[in-house]
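Asker: Handing you this structure, nothing more for now.
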Amino acid sequence: MTAILEVRNLCKKYPSFQLNHVSFSVEQGSIMGLIGRNGAGKTTTMKSMLDLVHPDEGDVLFFGESMKEKDNSVRQKIGYASGANQFYLRKKIREITNMTKTFYDNWDDAEYQKYIKMFGLNENKKLMELSEGMKVKFSLTTALSHHAQLLILDEPTSGLDPVSREELLEIFQYLAKQGTAILFSTHITSDLEKCADAITYIQNGTVISSKPYTEFLKDYPEQNSLEDIMVHLERKPMQFDQE
Amino acid sequence: MKKLLRKEFFFTALPLTYCFILFAFMTMIPRYPILVGAFFVCMGIFQTFLSAREQNDILYTVLMPVSKADAVKARYLFVNCIQMMFFVICVILTMIRMTLFTQSQVYLSNPLMNANPVYLGYVLLVFVLFNWIFVNGFWKTAYNAGRPFVLFSIATFVLIGIAETLHHIPGLEWMNTWNQCLSFQYLFLAGAIVIYILADYLCIRRSCSSIEKIDL
Chain P
806 MTAILEVRNL
816 CKKYPSFQLN
826 HVSFSVEQGS
836 IMGLIGRNGA
846 GKTTTMKSML
856 DLVHPDEGDV
866 LFFGESMKEK
876 DNSVRQKIGY
886 ASGANQFYLR
896 KKIREITNMT
906 KTFYDNWDDA
916 EYQKYIKMFG
926 LNENKKLMEL
936 SEGMKVKFSL
946 TTALSHHAQL
956 LILDEPTSGL
966 DPVSREELLE
976 IFQYLAKQGT
986 AILFSTHITS
996 DLEKCADAIT
1006 YIQNGTVISS
1016 KPYTEFLKDY
1026 PEQNSLEDIM
1036 VHLERKPMQF
1046 DQE
Chain D
43 MKKLLRKEFF
53 FTALPLTYCF
63 ILFAFMTMIP
73 RYPILVGAFF
83 VCMGIFQTFL
93 SAREQNDILY
103 TVLMPVSKAD
113 AVKARYLFVN
123 CIQMMFFVIC
133 VILTMIRMTL
143 FTQSQVYLSN
153 PLMNANPVYL
163 GYVLLVFVLF
173 NWIFVNGFWK
183 TAYNAGRPFV
193 LFSIATFVLI
203 GIAETLHHIP
213 GLEWMNTWNQ
223 CLSFQYLFLA
233 GAIVIYILAD
243 YLCIRRSCSS
253 IEKIDL
C-alpha cells in the first residue's frame, strides 16, 4: 500500500510541553486512530502537519510531497474537520459553503447535498444556531465534498450522539474502501474499535506505538479493549489529602 | 488571488467599512480638521480586522488551498482598495472645492486645513501610518489588533496636529492655499504617493514574512 501521509521526526517545543520526534505514516484506504490523553499532543501534531504550527524539526509528506513546497495542490487533496475550530458562526451554512467551494477544484455539489441530507443540516441556519454535534457534521460535510484523498479529523465524533457516531463510522469505512485515507484523533476509543486499521498512541508528546490495530492489541494481551489499554498506560494512583 | 479578494470584499468585510468611506465627504466641511476623515476610514477597516479575528477568518482561510502569504496579500489589497475609494472621492471633492467654491466665504475664512493637493498628500500619509503601524503590526501576531491601533491613532493625531500647524508658520502658507504655489503642492502630493506605494510594498513583504513565523 502507498503511504498517503508520512510524518517524520516532528518536534515542537513549548515552555511546558514538547512534541518529541513524532513519526508515523497513514496508508491509502486505511483509517488510523490517533489516541492519547488530553494534552498528549494530538492536536499539536495535526496542526504541525497542516503547517498551522511551525515545527522545530521534522518533515511531513503528503502524497510524497512537502506541504511547504506544494501548499495549494496538497491542500486540494486534504479535508480537515475539527470539533474545536469554528469559523464564521454568524453566517448561514449556505453562505459559508458558497464561499468555501470556490477554492476547491474538485468540489462536488451532489456529494455536498448528499451529506447535507444525510446529516439533516438546514442550509438556512446560521452556524451559531447549530448544536456542537451538528457543527462537527457541517465541518465534515465540507471536508467530504471536495473528494479529499486524506481526511484529517480532530476529534470529529466528540459531541455527536451515538446514532450519528455510528453513521459517521460507517461513512469512514465506506470512504476507506474507496481509497480515502483517514487520520482521526479521539478520546472515544470505542469508535476506533469499530473502524480503525491502525493505531498511533501518543503519550506526553512522544509516540509510544504506531502499528496495525490487531498488532497493537497483541502488545497488551491482558487488556480487553483500547480503553483498558489507555487506562493501563496512563492511570496513576490518585492521592488524596487524609486528615 | 481573485478568489481571496472576492472573499475579503463579499464575505469577510463588514458593511460598516464601506459606510465609513463616506467620511470622505468631510472634505467639504469648513472650519473642521478635515484630515480626521482619513482616520475614520481607517477605523472602518479596523472594524473588519476585528470582525475577521472574532470569526476565526485566518484559520478558515489558511486551511483552504491558499498560501498564507496570499491570504495576507489579499487583506492588504482589500485595505488598499478601501483607501483608494476614499481617496478618489477626496480628489473629486477637492477639485470641486478648488474650482467651484473658491469665493465661498466659509472656505475663505477657514482657519484650518483647506482641501488642496497638500491635503490629499496628508490623506495618503495617514494611510501610510495605518498600513505601517496597524496592518503590519497586526500580522506580527495575526491576533493583537488593539495595541497597533492605539499606536496608529496616536501617530495619526500627531500628524494631524503637525499638518494643521505647519501652514500657520510664515513661509509655509502655500500649503493651505488653492491658487498659489500649486507646483509645490503637487510635488508634496507626488512625494506622498511615492511614500505610500513604497511603504505598502515593504509592509506586504514584512507581513508575509511574519505570518510564516507565527503559530496559528
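Going line by line, the protein sequences match chains P and D.
Following the working numbering, the numbering of the first sequence begins with 806 at its first residue and continues without gaps.
Following the working numbering, the numbering of the second sequence begins with 43 at its first residue and continues without gaps.
Note that CB positions come from ideal geometry on N, CA and C, so glycine has one too.
1. What are the complete alpha helix (DSSP H) segments, minimum 4 residues, inside the region 864 to 938 of chain P?
2. Spatial neighbours of Ile-901(P) within its chain, please: C-beta separation below 6 Å, excluding the five flanking residues on both sides.
3. Considering only DSSP beta bridges, list what Met-837(P) is partnered with.
4. First and last residue of the alpha helix (DSSP H) that includes Thr-183(D)?
5. What are the boundary residues of the alpha helix (DSSP H) that includes Gln-89(D)?
6. Does Phe-176(D) come out as helix, strand or coil in the three-state DSSP assignment?
7. Would Leu-150(D) be called buried (16 or more neighbouring beta carbons within 10 Å of its own) or exposed?
8. What is the DSSP secondary structure of Val-148(D), counted as helix, strand or coil?
9. Roughly how many angstroms lie between the CA atoms of Cys-245(D) and Arg-73(D), to the nearest whole one?
10. Cutting at 8 Å between CB atoms, please list the residues of its own chain near Glu-998(P), excluding the five before and the five after it.
11. When you compare only the Cα positions, how much space is there between Phe-180(D) and Asn-122(D)?
12. From the DSSP secondary-structure annotation, give me the bridge partner or partners of Thr-1011(P).
13. With a Cβ-Cβ cutoff of 7 Å, do Leu-37(D) and Thr-141(D) count as a contact?
14. Does chain D have any CB closer than 7 Å to the CB of Phe-892(P)?
15. Just to confirm my understanding: we take Ala-981(P), look at its own chain, exclude 5 residues before and 5 after, and list those with CB closer than 7 Å. What are they?
16. Considering Cα atoms alone, identify which of Gly-213(D), Val-177(D), Val-200(D) is closest to Arg-248(D).
17. How long is the line joining the alpha carbons of Gln-44(D) and Asp-910(P), rounded to whole angstroms?
18. Between the Cα of Pro-107(D) and the Cα atoms of Met-904(P), Ser-990(P), His-826(P), which residue gives the shortest distance?
19. Name the chain D residues that come within less than 7 Å of Met-904(P), Cβ to Cβ?
20. If you reduce the DSSP assignment to three classes, tell me which class His-826(P) lands in.
21. Please compile the residues from chain D whose C-beta is within a distance smaller than 8 Å of the C-beta of Leu-810(P).
22. Along the beta strand (DSSP E) that carries Glu-811(P), what are the first and last residues, could you check?
23. Checking 7 Å against the spacing of the C-beta atoms, do Leu-857(P) and Lys-847(P) come in under that value?
24. Less than 7 Å between the beta carbons of Ile-87(D) and Thr-59(D), yes or no?
25. Between the region 910 to 922 of chain P and the region 946 to 954 of chain P, are three or more C-beta pairs nearer than 8 Å?
26. Let me know the secondary structure DSSP gives Lys-784(P) once reduced to three states.
27. Thinking just about the alpha-carbon of each residue, which of Ala-116(D), Thr-90(D), Val-168(D) is nearest to the one in Ala-187(D)?
28. Count the other CB atoms, across all protein chains shown, that sit within 10 Å of the CB of Thr-807(P); report buried if there are 16 or more and exposed otherwise.
29. Spatial neighbours of Ile-253(D) within its chain, please: C-beta separation below 8 Å, excluding the five flanking residues on both sides.
30. Please list, in chain order, the chain P residues whose beta carbon lies closer than 9 Å to that of Ser-252(D).
31. How would you label Ile-211(D), buried or exposed, when you count the other beta carbons within 10 angstroms and need 16 or more for buried?
32. Quick one: what does DSSP say Leu-244(D) is sitting in, helix, strand or coil?
33. The ligand GDP heavy atoms versus the CB of Leu-855(P): any closer than 6 Å?
34. Pick out whichever of Leu-47(D), Phe-65(D), Pro-75(D) has its Cα sitting closest to the Cα of Ala-205(D).
35. Distance, Cα to Cα, Leu-214(D) vs Val-200(D)?
36. In this structure, what does DSSP give as the bridge partners for Glu-254(D)?
Answerer: Answer, in terms of the structure:
1. 876 to 881, 898 to 905, 914 to 924
2. Tyr-893
3. Leu-988(P), Ala-1003(P)
4. First-last for Thr-183(D): undefined, no H or E at that position.
5. 78 to 96
6. helix
7. exposed
8. helix
9. 34 Å
10. Ser-1030, Leu-1031
11. 16 Å
12. Gln-1008(P)
13. There is no way to answer for residue 37(D), as the model of chain D reaches only from 43 to 258.
14. yes
15. Gly-834, Ser-835, Ile-836, Ile-987
16. Val-177(D)
17. Note that residue 44(D) corresponds to Lys in the displayed sequence, not to Gln. Each residue's Cα considered, the two are about 14 Å apart.
18. Met-904(P)
19. Lys-49, Phe-53
20. strand
21. Within chain D, no residue comes near Leu-810(P); the closest Cβ sits about 16 Å away, beyond 8 Å.
22. 808 to 818
23. no
24. yes
25. yes
26. The structure shown does not extend to residue 784(P), since chain P spans only 806 to 1048, so no value can be given for it.
27. Thr-90(D)
28. exposed
29. Lys-110, Ala-111, Ala-113, Val-114, Trp-181, Ala-184
30. Near Ser-252(D) there are no residues of chain P at all, since even the closest Cβ is about 12 Å away, more than 9 Å.
31. exposed
32. helix
33. Judged by which ligands are present, the structure shown has none, so any question about the ligand GDP falls away.
34. Pro-75(D)
35. 18 Å
36. Note: Glu-254(D) sits in no beta bridge, so no partner.
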